[in-house]
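*Asks:* One structure, as structure tokens, below. Some questions next.
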Amino acid sequence: MRTESCKAFLRGVVGAGLLAAAGLASAAATITIVNGNAAGVGFNDPTPVAPLGGNPGTTLGQQRLNAFQYAASVWGSQLDSSVEIKILATFEPLTCTATSAVLGSAGPRDVEADFAGAPVPGTWYHVALANKLAGTDLFTAAVDPSGGGAEIRARFNSRLGLFANCLPGSPFYLGLDNQHGNAIDLVTVLLHEFGHGLGFSTVTDGTTGAYLAGLPSIYDVFAFDNTQAKSWVQMTDAQRAASAINPRQLVWTGANVTTAAPNVLSFGTPQLQVNAPSAIAGLYLAGAASFGAPLAYPGLTRQVMPVVEAGALGQACAALDADNQRAVAGRIALVLRGTCAFVVKAANVQAAGGVGMIVVDNVAGGPPASLGGTDPSITIPAVRVTLADGVKLLSGMTLTPSNRSSGVVARLGVDPSQLAGADTLGRVMLYTPNPFQPGSSVSHWDTGASRNLLMEPAINADLTHFVSTPYDLTLPMLKDIGW
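Here the sequence shown stands for residues 892 to 1374, numbered as in our numbering.
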């Protein structure tokens, strides 16, 4: 079945097209990049540039092509297929503003079911994988004259970082050595998007739970909801829709990923354990900070006190006044997200004598993301919780300046027996935020994974150019579905 829609189930990222004749052969698979750009633009852009980071191209278009070829060679060396994989790609203007931008999108141009050699009947496979399993090209140029039978379609933002109205200062880094600094590493995002096109995504509608043309994806076979104790192929449409917004309860059951996970992920799932008052006691989902003292076991247990500004939970974006200093000294400070960077809040809490920090999200949704930022002077631990959980914590406090009090006692720590980003059985979590995020939900690993993984919904700066153990879990996942 022909499918041109990528953004419906893929995270926007970057990509590019190459010369139609520029096939890239590897020891295991041949990946050909098909250039969909017109003369003078995209991969044909003649703008002079200097060679960079192992990329010898001397024009912008050639460097884009080289980066695409390099990413293709990484995947080609890892895959096993006798059928050529073609990627139809373009650089073109995509949606962007001065503060945000669509990097790009990619996905399968066709899905196939019940072909000769299909391991699971009545199930959709991305066409590149279907071709591999069938041992023949199921989506030829004769079937697809407009696209030449390309298995994957990729579109990437040609304006990124190059114009004042398109995320200025954050261009693609076109070097091949991953030394991208503050730029966005093109090779990394290409590896991510190729992963989607090769099979790391479902074509089931996550908002309604409805299958595409009545059939599940092979991806759905391995998606298992711990709350419902069912895989996606065992659920009704309504149950799948509920599962897609069930934070950190949808896991991957494939044996290759589960076996590889302990070699990639670290032990120590972040925890916020509320000990008192009893009405709100329990474990809360928490996002760890990239700065400050790492969470440990058993961790830090203290009374939690709110930073109060104008009679409400404060943001701690300025030095804390005398009342707030007295309140948080020797305690864990509760602050509200917003206005300033997380490291600024932490620095102000630390300067006031606080020994830990909990940041309450200022918008609804979950699970709580991590706290980003860098400041080596910060030595206190910090976590992030959802707005809903923040409201629970505040229910055990009084915020009036003349009568500030808190009965909340909590522990910031980790569960040392649980992999960060996996459930208690070691099954890696899929990304299921509430509310549903089109293009991100379900078809990515959860953001709680540590180390950071290539197929999380956002590209992290510390990713490598490796797609398998001990650096990543993308190749093991593709092995689970049939590669």
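No residue lacks a Cβ here, since even glycine has one placed at the ideal position from N, Cα and C. Here the structure is a predicted model, which is why all the values come from computation and not from measurement.
Measure the alpha-carbon distance for ALA1120 versus GLY1173 and round it to whole angstroms.
*Replies:* Counting from one through the sequence shown, the residue named residue 1120 turns up at place 229. Counting from one through the sequence shown, the residue named residue 1173 turns up at place 282. Approximately 22 angstroms between the Cα atoms of the pair.
*Asks:* Do you know how far the Cα of THR981 is from the Cα of PRO1259?
*Replies:* Sequence index remark: in the sequence shown, residue 1259 carries index 368 (1-based). Sequence index remark: in the sequence shown, residue 981 carries index 90 (1-based). Taking the straight line from one Cα to the other gives about 35 angstroms.
*Asks:* Which residues share a DSSP beta bridge with GLU975?
*Replies:* Working through the sequence shown from its first residue, we reach residue 975 at position 84. According to DSSP, which records beta bridges pairwise, GLU975 is partnered with nothing at all.
*Asks:* Which residues in the same chain as LEU1354 place their Cβ atom closer than 7 angstroms to its Cβ, once the five residues preceding and following it in sequence are excluded?
*Replies:* Along the sequence shown, read from residue 1 onward, the residue named residue 1354 stands at position 463. Correct list, in chain order: THR1079, ASN1343, LEU1345.
*Asks:* Assign GLY1256 to one of three DSSP states: helix, strand, or coil.
*Replies:* For the purposes of this step, residue 1256 is identified with residue 365 of the sequence shown, where counting begins at 1. Looking at GLY1256 - three-state DSSP - the assignment turns out to be coil, as it is neither helix nor strand.
*Asks:* What does a CB cutoff of less than 8 angstroms around ASN1239 pick up in its chain, not counting 5 residues either side in sequence?
*Replies:* Against the sequence shown, residue 1239 aligns to sequence position 348. Hits under 8 angstroms: ALA1207, CYS1208, ALA1209, ALA1210, LEU1211.
*Asks:* Which whole-angstrom value is the C-beta distance of ALA1180 and VAL1274, which I expect to be below 8 angstroms?
*Replies:* Numbered from its first residue, the sequence shown carries residue 1180 at position 289. Numbered from its first residue, the sequence shown carries residue 1274 at position 383. Right, the Cβ-Cβ distance comes to about 7 angstroms (below 8 angstroms), so this counts as a contact.
*Asks:* Residues in its own chain within less than 8 angstroms of PRO1062 by CB, not counting five upstream and five downstream?
*Replies:* Numbered from its first residue, the sequence shown carries residue 1062 at position 171. Cβ neighbours of PRO1062 beyond the five flanking positions: LEU1051, GLY1052, LEU1053, ALA1074, ILE1075.
*Asks:* Just confirm the distance between the C-beta atoms of ASN1215 and VAL1234, as a whole number of angstroms; I'd bet it's less than 8 angstroms.
*Replies:* If you number the sequence shown from 1, residue 1215 lands on position 324. If you number the sequence shown from 1, residue 1234 lands on position 343. Not really, about 18 angstroms apart at Cβ, beyond 8 angstroms.
*Asks:* In whole angstroms, give me the CA-to-CA distance for GLY1380 and GLY948.
*Replies:* In the structure as shown, the chain starts at 892 and stops at 1374, and residue 1380 therefore has no counterpart that could be examined.
*Asks:* Any idea which residues DSSP pairs PHE1063 with across the strands?
*Replies:* Residue mapping note: residue 1063 aligns to position 172 of the sequence shown, counting from 1. Note: PHE1063 sits in a beta bridge opposite ILE1075.
*Asks:* How many angstroms separate the CA atom of VAL1142 from the CA atom of LEU1077?
*Replies:* Residue numbering aside, residue 1142 sits at position 251 when the sequence shown is read from its first letter. Residue numbering aside, residue 1077 sits at position 186 when the sequence shown is read from its first letter. Near 29 angstroms, if we compare the C-alpha coordinates of LEU1077 and VAL1142.
*Asks:* With distances taken between CB atoms, is the gap from GLN1194 to VAL1300 smaller than 7 angstroms?
*Replies:* In the sequence shown, residue 1194 corresponds to position 303, counting from 1. In the sequence shown, residue 1300 corresponds to position 409, counting from 1. For GLN1194 and VAL1300, yes; Cβs fall inside 7 angstroms.
*Asks:* Return the first residue and the last residue of the beta strand (DSSP E) that PHE1047 is part of.
*Replies:* Along the sequence shown, one-based indexing puts residue 1047 at 156. Segment 1043-1048, the beta strand (DSSP E) holding PHE1047.
*Asks:* Could you tell me which residues DSSP pairs with LYS1370 in its beta bridges?
*Replies:* By 1-based counting over the sequence shown, the position of residue 1370 is 479. None, per the DSSP bridge assignment.
*Asks:* Cβ atoms of PRO1326 and GLY1256: under 7 angstroms apart, would you say?
*Replies:* Residue numbering aside, residue 1256 sits at position 365 when the sequence shown is read from its first letter. Residue numbering aside, residue 1326 sits at position 435 when the sequence shown is read from its first letter. Yes.
*Asks:* Starting from the C-beta of GLY1066, find all residues in its chain whose C-beta is less than 7 angstroms away, skip the five residues before and the five after it, and write them out in chain order.
*Replies:* Walking along the sequence shown from the start, residue 1066 turns up at place 175. Excluding sequence neighbours, GLY1066 sits near LEU943, GLY944, GLY945, ASN946.
*Asks:* Exposed or buried, which one is THR1093 when buried takes at least 16 other CB atoms within 10 Å?
*Replies:* On the sequence shown, position 202 is the one that residue 1093 refers to. With 16 or more other Cβ atoms within 10 Å, it is buried.
*Asks:* Tell me VAL1276's beta-bridge partners as DSSP assigns them.
*Replies:* As a working mapping, residue 1276 is identified with position 385 in the sequence shown. In DSSP, VAL1276 forms a bridge with VAL1251.
*Asks:* Who are the Cβ neighbours of ALA916 in its own chain at under 6 angstroms, not counting the five residues just before and after it?
*Replies:* Residue 916 sits at position 25 when you count from the first residue of the sequence shown. Since pLDDT at ALA916 reaches only 39, below the 50 mark, its modelled position is unreliable, and no value is offered.
*Asks:* Would the segment 1146-1156 and the segment 1117-1137 be scored as touching if the rule is three or more Cβ pairs under 8 angstroms?
*Replies:* no
*Asks:* Would you check if the segment 1090-1108 and the segment 1328-1336 touch, i.e. whether three or more CB-CB distances between them fall below 8 angstroms?
*Replies:* yes
*Asks:* Going by DSSP, which residues form a beta bridge with VAL1305?
*Replies:* Residue numbering aside, residue 1305 sits at position 414 when the sequence shown is read from its first letter. Answer by DSSP bridge pairing, in chain order: PRO1161.
*Asks:* List the endpoints of the continuous alpha helix (DSSP H) containing SER996.
*Replies:* Position 105 of the sequence shown, counting from 1, holds the residue named residue 996. Element bounds for SER996: not the alpha helix (DSSP H) but the beta strand (DSSP E), 995-999.
*Asks:* Per the contact definition of three or more C-beta pairs closer than 8 angstroms, is the segment 970-980 in contact with the segment 1021-1031?
*Replies:* yes
*Asks:* Please report how far the alpha carbon of GLY1038 lies from the alpha carbon of LYS1283, in whole angstroms.
*Replies:* Position 147 of the sequence shown, counted from the start, is the residue given in the question as residue 1038. Position 392 of the sequence shown, counted from the start, is the residue given in the question as residue 1283. Cα-Cα distance, rounded: 54 angstroms.
*Asks:* Exposed or buried, THR1014, counting other C-beta atoms within 10 Å across all chains shown (16 or more means buried)?
*Replies:* Position 123 of the sequence shown, counted from the start, is the residue given in the question as residue 1014. That one is buried.
*Asks:* Give the DSSP-derived three-state secondary structure of GLU1003 in the structure shown.
*Replies:* Walking along the sequence shown from the start, residue 1003 turns up at place 112. Strand.
*Asks:* Note down the Cα distance separating THR950 from TYR1064, rounded to an integer number of angstroms.
*Replies:* Stepping through the sequence shown from its first residue, residue 950 is reached at position 59. Stepping through the sequence shown from its first residue, residue 1064 is reached at position 173. Whole-angstrom Cα-Cα distance: 14 angstroms.
*Asks:* Compute the beta-carbon to beta-carbon distance between ARG1302 and THR1192, rounded to the nearest angstrom, for a pair I have assumed lies under 8 angstroms.
*Replies:* Position 411 of the sequence shown holds residue 1302. Position 301 of the sequence shown holds residue 1192. Their Cβ separation, rounded to whole angstroms, is 4 angstroms, which keeps ARG1302 and THR1192 in contact under 8 angstroms.
*Asks:* Alpha helix (DSSP H) containing TRP1015: first to last residue?
*Replies:* Against the sequence shown, residue 1015 aligns to sequence position 124. Counting along the chain, TRP1015 falls outside any alpha helix (DSSP H), and DSSP gives it neither H nor E.
*Asks:* On the premise that PRO1361 lies in contact with ASN1154, defined as a C-beta separation below 8 angstroms, what is that separation, rounded to the nearest angstrom?
*Replies:* Taking the sequence shown and counting its residues from 1, one reaches residue 1154 at position 263. Taking the sequence shown and counting its residues from 1, one reaches residue 1361 at position 470. Confirmed, about 5 angstroms.
*Asks:* Cα separation between GLN960 and ASN926?
*Replies:* Within the sequence shown, residue 960 is the residue found at index 69, counting from 1. Within the sequence shown, residue 926 is the residue found at index 35, counting from 1. Roughly 12 angstroms separates the two Cα atoms.
*Asks:* Could you pull out every residue in the same chain whose Cβ sits closer than 6 angstroms to the Cβ of TRP966, ignoring the five residues on either side in sequence?
*Replies:* Taking the sequence shown and counting its residues from 1, one reaches residue 966 at position 75. Excluding sequence neighbours, TRP966 sits near PHE1085.
*Asks:* By the three-class DSSP mapping on this structure, what secondary structure does ASN1351 have?
*Replies:* On the sequence shown, position 460 is the one that residue 1351 refers to. Of the three classes helix, strand and coil, the one that applies to ASN1351 here is coil, per DSSP.
*Asks:* Could you round the C-beta distance between ALA1045 and ARG1000 to whole angstroms and report it? I think they count as a contact, below 8 angstroms.
*Replies:* Taking the sequence shown and counting its residues from 1, the one referred to as residue 1045 is at position 154. Taking the sequence shown and counting its residues from 1, the one referred to as residue 1000 is at position 109. At roughly 10 angstroms, the Cβ-Cβ gap does not stay under 8 angstroms, so ALA1045 and ARG1000 are not in contact.
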